[in-house]
Amino acid sequence: MKLILTADVTGLGGPGDIVEVKDGYGRNYLLPRGLAILATKGAAKQVEVIRRAQDTRRVRDLDHAKELKASLEGLGSVTLKAKAASGSKKLFGSVTSSDVVSAVRAAGGPALDKRAVELSGHIKTVGKHSVNVRLHPEVTVALAVEVSAAG
Numbered sequence: 001m002k003l004i005l006t007a008d009v010t011g012l013g014g015p016g017d018i019v020e021v022k023d024g025y026g027r028n029y030l031l032p033r034g035l036a037i038l039a040t041k042g043a044a045k046q047v048e049v050i051r052r053a054q055d056t057r058r059v060r061d062l063d064h065a066k067e068l069k070a071s072l073e074g075l076g077s078v079t080l081k082a083k084a085a086s087g088s089k090k091l092f093g094s095v096t097s098s099d100v101v102s103a104v105r106a107a108g109g110p111a112l113d114k115r116a117v118e119l120s121g122h123i124k125t126v127g128k129h130s131v132n133v134r135l136h137p138e139v140t141v142a143l144a145v146e147v148s149a150a151g
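Start counting the sequence shown at 1; every next residue gets the next number (full-length UniProt numbering).
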């Protein structure tokens, strides 16, 4: 299936790129989320318009991403409470990107998109962990998250 990307898709390409993907990935993921449109003759003419719009938005977004980065770095370490076994450092489950976004918001930080939070692995223990937040393709912030036991 040939598609034209309308947004950055990790591992696939950027806005305006014409890509060939498997039918299910295009139909069930990219198209419903508005990340791509079908590559038709009329849509191929729109590629330049899409690229120009993304370039102007990217400059504005880059400035905004730098502001968000400064505010996230100003927070320092973010504390997150999760259920853990008594006397053990193991959690009942793991910390998700939604949990990290909620903790940042509760600490007085900006509202983030949970898809921007990149967990290096599953966080299943109490303690300090590092989480990357990709605010923009050119701006990434390393955020310190301290997980503590709650009940």
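All C-beta atoms in this analysis are idealised placements derived from N, C-alpha and C, irrespective of residue type, glycine included. In this text, all values refer to a predicted model and were calculated from it rather than measured experimentally.
Asked: Let me know if G34 comes out buried or exposed under the rule of 16 or more other beta-carbons within 10 Å of its beta-carbon.; Found: exposed
Asked: If you measure between the beta carbons of A144 and A82, is that distance less than 9 Å?; Found: no
Asked: How would you write the range of the alpha helix (DSSP H) that V95 sits in, first residue to last?; Found: No alpha helix (DSSP H) contains V95, which is instead part of the beta strand (DSSP E) from K90 to V95.
Asked: Verify the contact flag: D8, CB atom, against every heavy atom of the ligand PLP, threshold strictly below 8 Å.; Found: This structure does not include the ligand PLP; it has no bound ligands of any sort.
Asked: Please report how far the alpha carbon of G74 lies from the alpha carbon of A84, in whole angstroms.; Found: 29 Å
Asked: At the level of alpha carbons, what is the spacing between S120 and K128?; Found: 13 Å
Asked: Provide the residue span of the alpha helix (DSSP H) that contains A43, from first to last.; Found: K41 to K45
Asked: Taking DSSP as the reference, what is the three-state secondary structure of K22?; Found: coil
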